[in-house]
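J.:
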Amino acid sequence: MGFNDAAHVADAVRSALAQGPAVREVIAVDDCSTDESPELLGRLAATDPRLRPVLRTANSGGCGTPRNDGIDACTSPYVMFLDSDDVLPPGAVDALLTAAVDHGTEVAAGLCVRRELPSGREVPWQPELYHSPCL
């Protein structure tokens, strides 16, 4: 999901597509951007059939409606949300999917790391959530 974030959206989409066969489709919802984001998504979609841009015709003003639009467009049994300024590390989808399937859960979450720009400093987000299993 993104709005006016052409500077980052390609990295987010590529990181999702690079996860391999566990990612059957990437639904990229653009919330009526006025920058180059819609065109960029179109060019990326032309290179990988798993990418399906959903271009909203009116800005929603928040993240809920675009996320719901993405869910409505999804045909895969699993959903993961990624914002336009997020990047998945290699193996992230496999790790989360394996955890969900192995434990029979409907929800899986992994440690998020916030990378501060331009310094590149990495700070774990809410690390206390991951000290012990929830189950």
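Count the sequence shown with our numbering and you get residues 1 to 135, in order.
Note that beta-carbon positions come from the ideal geometry of N, C-alpha and C, so glycine has one too.
Note that the coordinates shown come from a computational prediction; the quantities given were computed from them, not determined experimentally.
#1: So, are the CB atoms of Ser-33 and Asn-4 less than 8 Å apart?
#2: Give a yes or no on whether the C-beta atoms belonging to Ala-12 and Val-54 are separated by under 8 Å.
#3: Using a Cβ-Cβ cut-off of 6 Å (strictly less than) and excluding sequence neighbours within five positions of Cys-112, which residues of its own chain qualify?
#4: Report back the beta-carbon spacing between Ala-18 and Pro-90 to the nearest angstrom; my notes put them in contact at under 8 Å.
#5: Of the residues Val-9, Arg-50, Glu-128, which one's Cα is nearest the Cα of Ala-73?
T.: In brief:
#1: Yes; because the gap between Cβ atoms is below 8 Å, this pair is in contact.
#2: Going by C-beta atoms, Ala-12 is not nearer than 8 Å to Val-54.
#3: Cβ neighbours of Cys-112 beyond the five flanking positions: Trp-125.
#4: Rounded, the Cβ-Cβ distance is 7 Å, consistent with contact.
#5: Checking every option, the nearest Cα to that of Ala-73 belongs to Arg-50.
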